[in-house]
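Numbering (this note's numbering), first residue to last: 128 to 568. Working notes, structure below.
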Amino acid sequence: MLDLYQQLKSSKHGFGGIFQFTEPVALITHPELVKHVMVQDYRHFHDRNGYYDAEHDPLSGHMLNREGERWTLLRRSVTPIFSSGRLKTFCPEMVQMMVNFREYLDAKLDAEGAKIELKEVMGRFNTDIAVRFLLGIEGTSLTDSSGGLHTAIMREAFRLPSLWKLFLMTSHRSIARKMRLALFSKHLADLLQRTVQESIEFHQQHFIPSRRQNLIDLLAKVQGIDGKTPLTLPEIAAEMLLFFGAYDATGVTIFYCLFELAQQPDLQERARTCVLETLEKYGGMTYEALNDMPYIDQCLNETLRKYPLAINSTRVVTADYSVPGTPQIVLPKGLNVIVPVYAIHHDPEYYPDPERYDPERFAADTSERRAPYTFLSFGLGPKSCVGYRLAKIQLRAMMGMLLSSYAFSSCSETKDSRSAAHSVIKLEGELWLKVNRIERN
128 MLDLYQQLKS SKHGFGGIFQ FTEPVALITH PELVKHVMVQ DYRHFHDRNG
178 YYDAEHDPLS GHMLNREGER WTLLRRSVTP IFSSGRLKTF CPEMVQMMVN
228 FREYLDAKLD AEGAKIELKE VMGRFNTDIA VRFLLGIEGT SLTDSSGGLH
278 TAIMREAFRL PSLWKLFLMT SHRSIARKMR LALFSKHLAD LLQRTVQESI
328 EFHQQHFIPS RRQNLIDLLA KVQGIDGKTP LTLPEIAAEM LLFFGAYDAT
378 GVTIFYCLFE LAQQPDLQER ARTCVLETLE KYGGMTYEAL NDMPYIDQCL
428 NETLRKYPLA INSTRVVTAD YSVPGTPQIV LPKGLNVIVP VYAIHHDPEY
478 YPDPERYDPE RFAADTSERR APYTFLSFGL GPKSCVGYRL AKIQLRAMMG
528 MLLSSYAFSS CSETKDSRSA AHSVIKLEGE LWLKVNRIER N
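The following block contains the structure:
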């Protein structure tokens, strides 16, 4: 993809056509075109064209795959849960969960520290945070020997479909639907529906008038497919799956941030100093403290640049579109347009020596000089990540707790196990680091 990106970037128009199986798509490279597709001319590109079959594969019918008014309704319905006020209310609960997680890690360490496989540990813990925030109940993935909900979701929800299934779902969707091809198993659908039902019953039995609204409360007010009745249990479960997947992604980002800081101890120490000074300034890990960690933000942004969770972002042309600057070129309605996130993040024009990890790229003065629309980790425009503010708070809290309590270094098992798979960064195998407890005040 990087070679193709550079080839198209150097072409006359800065974009070109390629094929995904038998489907023609346009791949754009210039930031100005990114701005038009994702922000300025959004009305021409407001759908993603994801495959779903709400009848036979209800979990595939989540917001990310929805189009038009249906997407707008779902997006508008869930947005309030990510408001600043709700995040501030949730912050003490999340901080207490961080304390519990630290105790969990402490139990695994001796005086010499320990090698810890962080992929599974981070994934389980982030699932528990998701359960707490989205459903308002206690998660058990971290302490359950079988991995609980996290293991079930990761084992079944994010398996990549076989090549022939992917071909039909991409190029021959009517055939795929007639064959009832599913992205997700009935077992997973039943598990998520049962989890949602348990949350509803728990809050009915333990009614607290002043409790914080959870995602189910908001989704329960949304009209279903027929436009009249409320969302069904399968429809709510589909939205839960989407958000659980997003939470798991934060664990991947944390690992890669620690992985890079383990290679450069001076950067790790600078990040730790930022955390400790901020915690002292605010008297602990408060909501205000989590919004005042500039160097941690630099480290996280550089991690998200080098290891974006989405390789590409896809939009579909919803009305014939004349390309700005080249009006003779018209993108026809129905054409898929690819924004190559990974390639833009690794373009040396915007990020010199792109494989080098350098948080200074995101220092205020450096960011201001860089071309806009070249950092795309949370998307842009109306379809940007709805939960990005929560993700930022959670990432800062995790880094704050980990760096204030532990030192991280490489071990013999440490390796970069990423692979590009279809449209996301997929982690292969285990993710190990050496963890040592540091003196705490």
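Glycine included, each C-beta is placed from N, C-alpha and C at the ideal position. Every value quoted in this text rests on a predicted model; they were computed, and no experiment measured them.
Asked                                                                                                                                                                                  : Found
Looking at the unbroken alpha helix (DSSP H) that takes in ALA365, where does it start and where does it end?                                                                          : 360-390
Please look up how many angstroms separate the CB atoms of PHE370 and GLY212, rounded, as I've assumed it's under 8 angstroms.                                                         : Contact flag wrong, Cβ pair sits at about 19 angstroms.
What do you get for THR453, buried or exposed, if any count of 16 or more other CB atoms within 10 angstroms of its CB means buried?                                                   : exposed
Kindly give me the distance between the Cβ atoms of LEU427 and VAL444, rounded to whole angstroms, as I take these residues to be in contact under 8 angstroms.                        : At roughly 33 angstroms, the Cβ-Cβ gap does not stay under 8 angstroms, so LEU427 and VAL444 are not in contact.
Taking the DSSP output, what are the residues bridged to GLN147?                                                                                                                       : GLU150
Quick check on the burial criterion: 16 or more other C-beta atoms within 10 angstroms. Buried or exposed for MET224?                                                                  : buried
Judging by CA-CA distance, which residue of PRO185, ARG259, ALA534 and SER138 is the nearest neighbour of ARG397?                                                                      : ALA534
Touching or not, the stretch 207-221 and the stretch 184-193, by the rule of three or more beta carbon pairs under 8 angstroms?                                                        : no
Would you grab the beta carbon distance between LEU403 and ARG523 for me? Rounded to a whole angstrom, and I think it's under 8 angstroms.                                             : Incorrect: roughly 14 angstroms between the Cβ atoms, too far for contact.
Using DSSP bridges, identify the partner residues of TRP559.                                                                                                                           : GLU244
Can you list the alpha helix (DSSP H) stretches of 4 or more residues lying completely in the stretch 313-342, in chain order?                                                         : 313-332
Excluding five sequence neighbours on each side, which residues of the same chain lie with their C-beta closer than 7 angstroms to the C-beta of ARG229?                               : MET528 and SER532
Who are the Cβ neighbours of VAL551 in its own chain at under 7 angstroms, not counting the five residues just before and after it?                                                    : The predicted position of VAL551 is uncertain, since its pLDDT is 49 and thus under 50; a value taken from the coordinates is nonetheless stated next. Cβ within range, chain order: LEU436, ALA437 and ILE438.
For ALA491 and ILE423, I'd like the C-alpha separation in whole angstroms.                                                                                                             : 13 angstroms
By Cβ distance below 8 angstroms, which residues in the same chain neighbour VAL466 in space, the five residues on each side in sequence not counted?                                  : ILE155, VAL161, VAL164, MET165, ASN439, SER440, THR441, ARG442 and LEU503
Should GLN425 be labelled buried (16 or more other beta-carbon atoms within 10 Å of its own) or exposed?                                                                               : buried
Keeping to the same chain, check which residues put their C-beta closer than 8 angstroms to that of SER326; ignore five residues upstream and five downstream.                         : LEU262, GLY263, ILE264, ASN341 and ILE343
Does the beta-carbon of LEU308 have 16 or more other beta-carbons within 10 angstroms, so that it is buried, or is it exposed?                                                         : buried
Are there three or more Cβ pairs, one per stretch, closer than 8 angstroms when the stretch 265-279 is compared with the stretch 245-257?                                              : yes
Is DSSP giving ASN463 helix, strand or coil here?                                                                                                                                      : strand
Quick one, which of ALA446, MET128, ALA365 and ALA373 has its alpha-carbon nearest ARG170's?                                                                                           : ALA446
Leaving aside the five residues before and after ARG193 along the sequence, list all residues of the same chain whose C-beta is less than 7 angstroms from its C-beta, in chain order. : LEU201
Indicate the three-state DSSP secondary structure (helix, strand or coil) for ILE155 in the structure shown.                                                                           : strand
Using only alpha-carbon positions, find the residue among THR501, TRP559 and PRO479 that is nearest to VAL468.                                                                         : THR501
For SER536, does the three-state DSSP call read helix, strand or coil?                                                                                                                 : strand
Measure the CB-CB distance between ARG496 and TYR477 and report whether it falls below 7 angstroms.                                                                                    : no
Quick check on LEU201: does DSSP put it in helix, strand or coil?                                                                                                                      : helix
Are the CB atoms of LEU236 and ARG564 nearer to each other than 7 angstroms?                                                                                                           : yes
Go through its chain and collect everything with a Cβ distance to ILE363's Cβ below 7 angstroms, but skip five positions before and after it.                                          : VAL323, ILE343 and LEU346
Do you know offhand how far GLN395's Cα is from ASP485's?                                                                                                                              : 12 angstroms
For PRO479, does the count of other Cβ atoms within 10 angstroms reach 16, so buried, or fall short, so exposed?                                                                       : exposed
What's the C-alpha gap between VAL464 and ARG175?                                                                                                                                      : 9 angstroms
In the DSSP output, which residue or residues are listed as bridge partners for THR441?                                                                                                : ILE465
Can you check the stretch 208-237 for any alpha helix (DSSP H) of at least 4 residues that lies completely inside it and give the ranges in chain order?                               : 211-233
Between which two residues does the alpha helix (DSSP H) carrying GLN133 extend?                                                                                                       : 129-136
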